[in-house]
Amino acid sequence: MGASESRTSIPTLSTIPNEIQLQIFEHLNVNDVSNLAKTCSDLNSFVKAQQKFLARWTRHLDVDLNEKQCRIRRESSSNQVMCQCDLEDSEEFLNEVEVSTLTLTGPLSDDAALDRLISMMNSSKQFKIKSFRMKKVVIQSKRLCERLYQLLANGTCHAISLEECQLACGFSETQADKMGELCQFTVKDCAPLNGLNLLNKYLSKLAYDMRFSNKKSVPFYAEAPDLTVQEICHFIKSWIQISEVPFFQIYVTQCDSHFFNDFLSQCQRLNLAHHHLKFTSKAHPTAYIQCQYDQELSRFQIYPIVDVPAVGPTGYCNARYFRDF
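All residue numbers for the sequence shown refer to numbering that gives the first Met the number 0, where the first residue is 0 and numbers rise by one.
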């Protein structure tokens with residue numbers, strides 16, 4: 000028997016079964032995947048066929064629902080446009096990238112366009128959207144609204160901005176629970192038919208997390224019209240009990256004097272003591288929540304303040320002096 004016949008052939012990466020290749024490639028970062036695809040035609044074909052299951056370059060996706068046009072931009076300060084195409088032709092490009100920011104611009108003249116986009120986002124495994132913006136979009140279909148919310152309820156979305164939109168329904172309890180990373184939520188000039196409810200549900204979850212979980216110090220910003228006085232008071236009551244001082248900024252828009260009076264009444268019912276709308280922390284001696292109501296702007300604002308410690312017997316606090324000057 001010759002030496003060549005007795006030598007055992009060693010399988011290469013391109014010759015092992017596709018299922019094994021996929022398990023290997025799933026653990027590689029995007030640079031390694033890209034470099035291996037350049038080594039031979041077999042691996043290049045494999046990567047192209049399995050692209051949506053592998054690490055991909057993150058990109059911004061802008062969709063004009065009126066013109067049914069898609070634009071994929073580089074995730075950098077240059078915002079370089081990498082691709083521009085019709086909505087119907089975008090699925091192949093979506094398979095090759097990971098959408099981190101999704102921006103939808105209306106008006107929405109045809110529900111089928113948004114329905115098709117959501118289907119392509121699902122089929123291309125776009126489940127890591129971090130930022131979502133929507134402007135001038137009216138969605139009258141509850142089913143379509145729920146499909147869109149489900150796309151965002153992926154556990155990675157940290158910012159949602161809605162402007163001049165009208166939506167058929169709000170977020171469900173299950174969807175709100177999955178948005179644990181949400182830290183920025185803005186609603187401007189919108190008319191939800193049944194209320195978005197996301198901020199109420201998220202604030203309730205945040206109040207619970209602050210008291211009973213390890214996630215207590217994540218800053219967040221919220222601006223929305225449909226926040227209830229019950230959730231605000233519940234949140235304040237939770238915040239003043241914890242030793243940490245997580246930063247936040249909450250604006251309740253489109254609220255009138257009835258809202259403010261209800262807030263004061265609710266504070267009284269819950270024995271939430273305050274001095275000129277200052278709610279002092281029971282666990283942090285120099286921290287408090289400040290509330291402000293602006294009747295002209297129809298806006299109620301809530302934010303925390305950590306005061307500079309008072310002058311001690313051993314020294315003088317210059318920061319406090321200049322602040323009070």
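Where is the CB? At the ideal position from N, CA and C, for every residue including glycine.
Helix, strand or coil at residue i [DSSP, three-state]
i: Ile19; result: helix
i: Gln125; result: coil
i: Ala272; result: coil
i: Leu60; result: strand
i: Ser203; result: helix
i: Arg185; result: A quick correction: the sequence has Thr, not Arg, at residue 185. Thr185 falls in the strand class under three-state DSSP.
i: Met352; result: Lying before the first or after the last residue shown, residue 352 is absent from the chain, which here runs from 0 to 324.
i: Cys164; result: coil
i: Ile235; result: helix
i: Phe131; result: strand
i: Ser40; result: helix
i: Lys277; result: strand
i: Thr227; result: coil
i: Thr173; result: helix
i: Leu53; result: coil
i: Ser99; result: strand
i: Glu91; result: helix
i: Phe354; result: The requested residue 354 is not part of the displayed model; the chain covers only 0 to 324.
i: Cys266; result: helix
i: Met178; result: coil
i: Val29; result: helix
i: Cys334; result: Residue 334 falls outside the range modelled here, since the chain spans only 0 to 324, and no answer is possible.
i: Val137; result: strand
i: Gln294; result: coil
i: Asp85; result: strand
i: Ala286; result: strand
i: Phe24; result: helix
i: Gly1; result: Low confidence applies to Gly1: its pLDDT is 49, below 50, so where it sits in the model is not reliable enough to give any reading.
i: Val46; result: helix
Test item: CB-CB of residue i and residue j under 9 Å
i: Asp61; j: Thr102; result: yes
i: Pro245; j: Pro284; result: no
i: Arg58; j: Glu74; result: yes
i: Asp261; j: Ser297; result: no
i: Phe299; j: Phe259; result: yes
i: Ser203; j: Glu222; result: no
i: Glu95; j: Gln50; result: yes
i: Gln289; j: Leu276; result: yes
i: Glu162; j: Lys127; result: no
i: Val137; j: Cys168; result: no
i: Ala206; j: Ser237; result: yes
i: Ile117; j: Leu166; result: no
CA nearest to the CA of residue i, picked from the options
i: Asn153; options: Pro284, Arg58, Leu166 and Asn121; result: Asn121
i: Asn87; options: Val80, Glu74 and Met119; result: Here residue 87 turns out to be Glu, not Asn, going by the sequence shown. Looking at the Cα atoms, Met119 is the closest of the given residues.
i: Leu269; options: Ala282, Ser242 and His233; result: His233
i: Phe170; options: Lys187, Cys182 and Arg142; result: Arg142
i: Gly179; options: Phe219, Ala167, Cys164 and Glu163; result: Phe219
i: Arg132; options: Ser140, Gln139, Val98 and Arg115; result: Val98
i: Lys67; options: Ser44, Ser130, Ala112 and Ala221; result: Ala112
i: Lys135; options: Arg146, Ala190 and Asn94; result: Ala190
i: Gln291; options: Gln240, Val305, Leu205 and Ile249; result: Ile249
i: Ile239; options: Ile128, Leu276, His274 and Tyr287; result: Tyr287
i: Glu90; options: Thr104, Ser123, Glu18 and Gln79; result: Ser123
i: Tyr201; options: Pro224, Leu226, Asp225 and Ala175; result: Ala175
i: Ala282; options: His274, Ser242 and Val251; result: Ser242
i: Asp225; options: Thr252, His257 and Val80; result: Thr252
i: Val29; options: Phe52, Val228, His257 and Ile117; result: Phe52
i: Phe247; options: Asp293, Ile301, Ser280 and Leu263; result: Ile301
Same chain, Cβ closer than 8 Å to residue i, five either side skipped, listed in chain order
i: Ser108; result: Leu64 and Asn65
i: Leu35; result: Leu12, Phe24, Leu27, Leu42 and Val46
i: Phe92; result: Cys69, Ile71, Cys82 and Cys84
i: Asp114; result: Leu143 and Arg146
i: Lys177; result: Ala152, Asn153 and Gly154
i: Asp306; result: Thr285, Ala286 and Tyr287
i: Ala37; result: The sequence as given places Lys at residue 37; Ala does not occur at that position. So the list reads Asn43, once near-sequence residues are dropped.
i: Asn78; result: His59 and Arg72
i: Thr227; result: Asn199
Own chain, CB closer than 6 Å to residue i, minus 5 neighbours either side, in chain order
i: Ser3; result: Here the model assigns Ser3 a pLDDT of 47, short of 50, so the residue's position is not dependable, and the following value carries that caveat. Around Ser3: no qualifying Cβ.
i: Phe184; result: Ile159, Leu198 and Ala221
i: Gln125; result: Val98
i: Ser130; result: Thr100 and Ala158
Any non-hydrogen atom of the ligand MG closer than 8 Å to residue i Cβ
i: Glu91; result: Looking at this structure, you won't find the ligand MG or any other ligand, since it has none at all.
Contacting residues, own chain, Cβ-Cβ under 7 Å from residue i (five flanking each side not counted)
i: Ile15; result: none
i: Glu18; result: none
i: Asp110; result: Ser140 and Leu143
i: His257; result: none
i: Phe278; result: Ile235, Ile239, Leu271, Tyr287 and Ile288
Within-9 Å CB hit, residue i to chain B
i: Thr102; result: No chain B is part of this structure, which consists of one protein chain only.
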